[in-house]
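I have placed the structure first, in the form of structure tokens, so that the comments after it can refer back to it.
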Amino acid sequence: MSFNSIPSDTRVPLFYAEMDNSAANTARDSGASLLIGHASNDASIAVNSLVLVSSVDYARQICGAGSQLARMVGAYRKTDPFGELYVIAVPESTGAAATVALTVTGEATETGTVNVYTGRTRVQAPVTSGDDAAAVAVSIKDAVNANPDLPFTATSEAGVVTLTARHKGLYGNEIPVTLNYYGFGGGEVLPAGVNITVASGVKGAGAPALNDAVAAMGDEPFDYIGLPFNDTASVNTMATEMNDSSGRWSYVRQLYGHVYTAKTGTLSELVAAGDQFNLQHITLAGYEKDTQTPADELAASRTARAAVFIRNDPARPTQTGELV
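Note that my numbering numbers the sequence shown so that position 103 is 175, with each residue one more than the last.
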């Protein structure tokens, strides 16, 4: 037997031993994460391809600012800044983009600010005393469009601001929009004389086909997979990929991993969804409708939370982890 440090010509009788750690940890993987979602139509990222993403800025660069994937990477990196993260961009579905209508009435009798929250991001639109409804609407529209990282684009006409989701699909119905989220105590009130109502417009419709995205995953191991789509077809596609017979948990592939998705709704809606998607390798986290974070970002945030906890200690419970 040869040693690295003990001379081979040693003749003094003794029990000699040394430790060689050169092959230590070679069987461990990095516990990589994967996020699936939409990129902008004009983005440089190739669809249905695995791409390693090192930072939020790089995600914005290749996926497009304000795109679903860019926002999800941003949410993920708040919890897991350094973990190995891949993304797959999927094409938009055939369907409709969700819209939200902000209807402005009245005339401002004082100068102030309109605070519009799209998801967790605040947009402030200035209002000058004497502005009519149309002028206030234009100010809101300009403020929204000035921030390219928002999930909506805006148009205005005759005092009505229409926010349109950047991508088609059901996901757009779970992006909350509200006014003055922190209220009077937080210094957020409408200027006197101005009234604004927020109402859902066109319902988002459609979900992407994920078969090509699943094919792009190949046999790469992903311990944590963030899925922004909670419709039946999307969840079932991922359930097939994760199953115990021929999927990632089967004896043939032994890739393992877990999928995290999210849904907002009433208690009865969430109970029904939980009964339908009672799957051992997919976590569908439910949130109340008043949650101000979009469902796709919640899915990314929970994926990151689980990744950080479980990488450090596989036995650590994750249900008490804070989502940031």
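Think of the CB as a built atom: it goes at the ideal place given N, C-alpha and C, for glycine as much as any other residue.
{"Asked": "Pick helix, strand or coil for Lys213, following the three-state DSSP scheme.", "Found": "helix"}
{"Asked": "Alpha carbon to alpha carbon, how far is Ile108 from Cys165? Give it in angstroms, no decimals.", "Found": "For the record, residue 165 in the displayed sequence is Ser; it is not Cys. Rounded to the nearest angstrom, the two C-alpha atoms are 14 Å apart."}
{"Asked": "Would you call the segment 368-378 and the segment 337-350 in contact, with 3 or more CB pairs under 8 Å?", "Found": "no"}
{"Asked": "What is the C-beta distance between Tyr296 and Ser105, in whole angstroms, given that I count them as a contact (C-beta under 8 Å)?", "Found": "4 Å"}
{"Asked": "Which residue comes first and which comes last in the beta strand (DSSP E) that contains Ile354?", "Found": "Ile354 to Tyr359"}
{"Asked": "Just confirm the distance between the C-beta atoms of Pro223 and Gly138, as a whole number of angstroms; I'd bet it's less than 8 Å.", "Found": "6 Å"}
{"Asked": "Report the residue from Val232, Ala288 and Gly393 whose alpha carbon sits nearest the alpha carbon of Val162.", "Found": "Ala288"}
{"Asked": "Near Ile78, what residues of its chain come up, given a Cβ to Cβ distance below 8 Å and the 5 sequence neighbours on each side ignored?", "Found": "Tyr88 and Glu90"}
{"Asked": "Is the segment 266-280 touching the segment 231-244, taking contact as three or more C-beta pairs under 8 Å?", "Found": "yes"}
{"Asked": "I'd like the span of the alpha helix (DSSP H) that includes Phe381, first residue to last.", "Found": "Ala367 to Asn384"}
{"Asked": "If you count every other CB in all the chains shown that lies within 10 Å of the CB of Ala197, and 16 or more means buried, which is it?", "Found": "buried"}
{"Asked": "With a threshold of 16 other CB atoms inside 10 Å of the CB of Tyr158, please say whether the residue is buried or exposed.", "Found": "buried"}
{"Asked": "What separation, rounded to the nearest whole angstrom, lies between the Cα atoms of Val331 and Tyr148?", "Found": "14 Å"}
{"Asked": "If you draw a straight line from the alpha carbon of Leu122 to that of Gly393, how long is it in whole angstroms?", "Found": "28 Å"}
{"Asked": "Which residue from Ala209, Ala205, Arg132 and Ala387 puts its Cα closest to that of Thr177?", "Found": "Ala205"}
{"Asked": "Taking the alpha carbon of Thr193 as the reference point, which residue from Thr365, Arg388 and Ala378 has its own alpha carbon closest?", "Found": "Thr365"}
{"Asked": "Using a Cβ cut-off of 9 Å (strictly closer), state whether Glu260 contacts chain C.", "Found": "Annotation note: the requested chain C is absent from the structure, which comprises a single protein chain."}
{"Asked": "Report the option in Ala142, Ser102 and Gly103 whose CA atom is closest to the CA atom of Ser116.", "Found": "Ala142"}
{"Asked": "What number of angstroms, rounded off, separates the C-alpha of Asn219 from the C-alpha of Tyr323?", "Found": "48 Å"}
{"Asked": "Go ahead and pull the three-state DSSP assignment for Tyr323.", "Found": "coil"}
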